[in-house]
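Undergrad: Numbering (our numbering), first residue to last: 1 to 700.
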Ligand code: IVH
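(1) Can you name, in chain order, every residue of its own chain whose Cβ lies under 7 Å from the Cβ of residue 238, other than the five neighbours on each side?
(2) If you compare alpha carbons, which of 206, 255, 19 is closest to residue 150?
(3) Less than 6 Å between C-beta atoms, sequence neighbours within five positions excluded: which residues of the same chain meet that for residue 612?
(4) Please return the same chain residues whose Cβ sits closer than 7 Å to the Cβ of residue 336, not counting the five positions on each side in sequence.
(5) Between which residues of its own chain and residue 11 is the CB-CB distance below 6 Å, once the five residues before and five after are set aside?
(6) Just verifying my parser: in three-state terms, what is the DSSP assignment at residue 376?
(7) Roughly how many whole angstroms lie between the Cα atoms of residue 240 and residue 273?
(8) Just to confirm my understanding: we take residue 442, look at its own chain, exclude 5 residues before and 5 after, and list those with CB closer than 7 Å. What are they?
(9) Could you compute how far the alpha carbon of residue 402 sits from the alpha carbon of residue 380?
(10) Let's see if you can read the secondary structure: which residues bound the beta strand (DSSP E) around residue 257?
(11) So the beta strand (DSSP E) residue 271 belongs to, where does it begin and stop?
(12) Which residue spans inside the region 182-215 form an unbroken alpha helix (DSSP H) run of at least 4?
(13) For residue 585, count the other beta carbons within 10 Å of its own beta carbon; 16 or more makes it buried, fewer makes it exposed. Which is it?
(14) Just checking, does the region 483-499 make contact with the region 426-445 on the three C-beta pairs under 8 Å criterion?
(15) Return the Cβ separation of residue 163 and residue 247 in integer angstroms, given the expectation that the two are a contact with Cβ distance under 8 Å.
(16) Can you say whether residue 137 is buried or exposed, counting buried as having 16 or more other CB atoms within 10 angstroms of its CB?
(17) Among 395, 432, 547, which has the Cα closest to the Cα of residue 479?
(18) Going by beta carbon distance, what residues of the same chain come within less than 8 Å of residue 165, once the five residues before and after it are set aside?
(19) Can you tell me where the alpha helix (DSSP H) with residue 606 in it begins and where it stops?
(20) Tell me the residue span of the beta strand (DSSP E) that contains residue 342.
(21) So is the beta-carbon of residue 423 under 8 Å away from any non-hydrogen atom of ligand 1?
(22) Just to confirm the assignment, what range does the beta strand (DSSP E) spanning residue 630 have?
(23) Quick one: is residue 639 buried, meaning 16 or more other Cβ sit within 10 Å of its Cβ, or exposed?
(24) Given a cut-off of 9 Å on the beta-carbon distance, is the pair residue 387 and residue 408 in contact?
(25) For residue 543, which residues of its own chain have a beta-carbon under 6 Å away from its beta-carbon, when the five flanking residues on both sides are left out?
(26) Name the one or two DSSP bridge partners that residue 384 has.
(27) Quick one: Cα of residue 184 to Cα of residue 252, how far?
(28) Would a C-beta distance cut-off of 9 Å place residue 404 and residue 354 closer than the cut-off?
(29) Look up residue 156 in the DSSP assignment and say whether it is helix, strand or coil.
(30) In the DSSP assignment, what are the bridge partners of residue 151?
(31) Contact between the region 498-507 and the region 467-482: three or more CB pairs below 8 Å?
(32) Buried or exposed, going by whether 16 or more other CB atoms sit within 10 Å of the CB of residue 635?
(33) Sorted by chain position, which residues of the same chain lie with C-beta nearer than 8 Å to residue 261's C-beta, five sequence neighbours on each side aside?
(34) Would residue 688 and residue 668 qualify as a contact pair, given that the criterion is a beta-carbon distance under 9 Å?
(35) So residue 325 and residue 263 are supposed to be a Cβ contact under 8 Å. How far apart are they, rounded?
(36) Using beta-carbon positions only, say whether residue 701 and residue 552 come within less than 9 Å of one another.
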């Protein structure tokens, strides 16, 4: 994409613009330079997943350009990074015809299917040596994008394959799709490319956690969520959905005379991918391999099936393609699929089973959730017998009844869920699910505020289920992180009357615990010291652990940074809370309601008197600074932390996290499927490469 000289130039320009915060952008040359710098950082972030500036620094540069454009509209270029989001609502998505129809793919499942395919191809073409490419099959929403004279012209959904919906405005938002790309360098005047809009699995998971916290129905899976998001009318909302576009096929490319360059100037599929990569697109460039026989293809497919879970995006197979474009043309297509391509499908992660019963669970905030009891079924090696159905709306929109045959999906680390109930096979014996009007645990009347999707039990301190779930949340990894103190102990101690509120955690009678079956001196000591350590946790963990309605980890951090002592939050009005970053009326109200409840204040005061840190300063002073001055890079998938969690942990202990490996990096924290960053760290030689366990030893 960039030559070493260009890279070093862009890095210098970045530093210049950043260090010179007063410098205004006032002429078109500067606008072009700054746009190029911004595009470079978008590429590093969205295409390479390897940023070298912080979000804050990117925003500073972006603002500088935006201000210049506001001062003088002559400085606005159509492909400026500021021109991605349109502020107007999209009224409708007009129908557009694809230049080349978007066909489906034929499926294969084993070596016999692959051998048949190879034989068919070889029987049809004259070329001597035939090679095949293999790359992941992205499980997202198909798109088609046209560039003309190097500019992004139009984007569309797949539709029926011939005619799709025009979604240019929404696709322009995706920073993985360049607004301009130098196809002319390849002699191309107009090009139609195909790809898939996807959402990273971790981004999707986080989005859903947030939605559930806010009482909204969760989005079904990354695929549905991507296709739904692409059709949203408000571009500002689309921008929040974390969409990315992979491009993997050039369906049409003509030169200035109108002649196709495919099969002539550009000879192979891998050349297409290399071209797209060099023009700054996100493509399966690193994932693509070329083989000359089907045994090798199969081995590669199997390798990918093994590592499918640790890949950041949902994939449901591999796509195998004849690499030579002239050979592709020779074998042609049926009306349904090209003969030159084949999907190799991974084992299904869907299975149908019977819905036997529905029970209702009460969570820590009193939300009453329907849980489906299923006839046990194997999906991708895991037995599923119980899945959450989230809320009433989920049941109603899918018209799910007891006795129904249901399709259960388990995608990667997304929790299993009912994708649909199959209405065609009903025999009339199915029963509607009746939502309870009283709490199944404490019998209080359930309440459903108008704007919410969930029914709640409001008996906060009297409902056993809430009491227990609140304690479980308090000790959990992202809250006070009391190691070894899981839900089993909490339930057991609660049943024995030793634990009734989170305050009791710090008043446990260890002698009594030692007398319980299954406890020894050592295990009690471990528990005691884990609880002691938690007293020094940072304030944001305490705030998150207290479980105020709608307060997730991010909001907890914002709150912790706004006070020196937690009880100062008591005096914030809802308006003052809303002045804080990312806090809207709903969250502000959740916080206010929490602090208005006298019992909550008593809990906080008791925690404090038992030695639990309730202040910001105290936390940083008592937290060990063992990682001070150390620079970390995180790569791959860690067994028990998300990237953000690992980053927070490093920062808690005084360390710094950057996006790319350099001679200045002290540690590379590497998880499963670590790629180029690992190789780079190894080549530098002075970077300590550590796994999660070794990292935990550092901060012990
Ligand atoms: S090639 C006509 N490559 O899978 C051939 N398709 O189930 C052009 N898909 O319609 C498609 N990953 O939306 C190709 N690496 C990949 C793909 C891929 C996902 C989608 C595509 C296609 C669908 C068929």
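Glycine residues also receive a C-beta, built at the ideal position from the N, C-alpha and C atoms. Here the structure is a predicted model, which means the values were calculated and not measured.
TA: Working from what's here:
(1) 170, 173, 229, 232
(2) 255
(3) 535
(4) 103, 104
(5) none
(6) strand
(7) 28 Å
(8) 457, 459, 462, 463, 464
(9) 25 Å
(10) Taken as a continuous stretch (DSSP letters only), residue 257 belongs to no beta strand (DSSP E), as it is neither H nor E.
(11) Premise fails: residue 271 lies in the alpha helix (DSSP H), 269-278, not in any beta strand (DSSP E).
(12) 201-213
(13) exposed
(14) no
(15) Rounded, the Cβ-Cβ distance is 21 Å, inconsistent with contact.
(16) buried
(17) 547
(18) 93, 94, 95, 96, 156, 157, 159, 231
(19) 598-609
(20) 341-345
(21) no
(22) Note, residue 630: premise wrong, no beta strand (DSSP E); not H, not E.
(23) exposed
(24) yes
(25) 556, 559, 560
(26) 377
(27) 14 Å
(28) yes
(29) strand
(30) 148, 180
(31) yes
(32) buried
(33) 186, 187, 188, 253, 254, 255
(34) yes
(35) 4 Å
(36) Past the edges of the chain, shown from 1 to 700, lies residue 701, and the structure says nothing about it.
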